[in-house]
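Taking it in order: structure first as structure tokens, then the write-up.
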Amino acid sequence: MMNLHACNRPHELHFELLTLFVQFLDKAQIKPIQESFMQIDQDNGGTIEIDELEKAYKAMRELAIGIESGNPKEELFEFI
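In terms of my numbering, the sequence shown is residues 555 to 634.
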């Protein structure tokens with residue numbers, strides 16, 4: 555892992571902090587995060603593009619509205 559002080563760009567610091575954070579999780583904790591990432595990353599590019607993030611946000615918002623109105627959706631990502 556690189557020295558956090560050596561991170562010149564925000565994304566480098568973000569990556570290093572995530573790497574450090576993941577070291578404290580076990581496989582059971584990482585699995586749902588990984589599954590969620592894979593569902594959001596529709597093109598399997600290894601990154602979440604803005605349009606993929608917007609689509610996931612809208613799906614989560616629709617789910618939340620459905621739950622509040624007593625009409626929950628079966629699957630969060632059925633909208634994606």
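The beta carbon of each residue, even a glycine, is placed where N, CA and C say it ideally should be.
Residue i classed as buried or exposed, judged by whether at least 16 other C-beta atoms fall within 10 angstroms
| i | result |
| --- | --- |
| A582 | exposed |
| A613 | buried |
| A610 | buried |
Residue span of the alpha helix (DSSP H) that contains residue i, given as start and end
| i | result |
| --- | --- |
| Q577 | That residue, Q577, is in no alpha helix (DSSP H); it is neither H nor E in DSSP. |
Other residues of its chain near residue i: CB distance less than 6 Å, five sequence neighbours each side excluded
| i | result |
| --- | --- |
| I602 | I594, D595 |
Neighbourhood of residue i by C-beta, 7 Å cutoff - its chain only, sequence neighbours within 5 removed
| i | result |
| --- | --- |
| G606 | The displayed chain sequence assigns Glu, not Gly, to residue 606. Same-chain partners within the cutoff: I594, D595, Q596. |
| G599 | none |
Proximal residues to residue i (C-beta, below 8 Å), its chain only, five neighbours per side dropped
| i | result |
| --- | --- |
| I604 | none |
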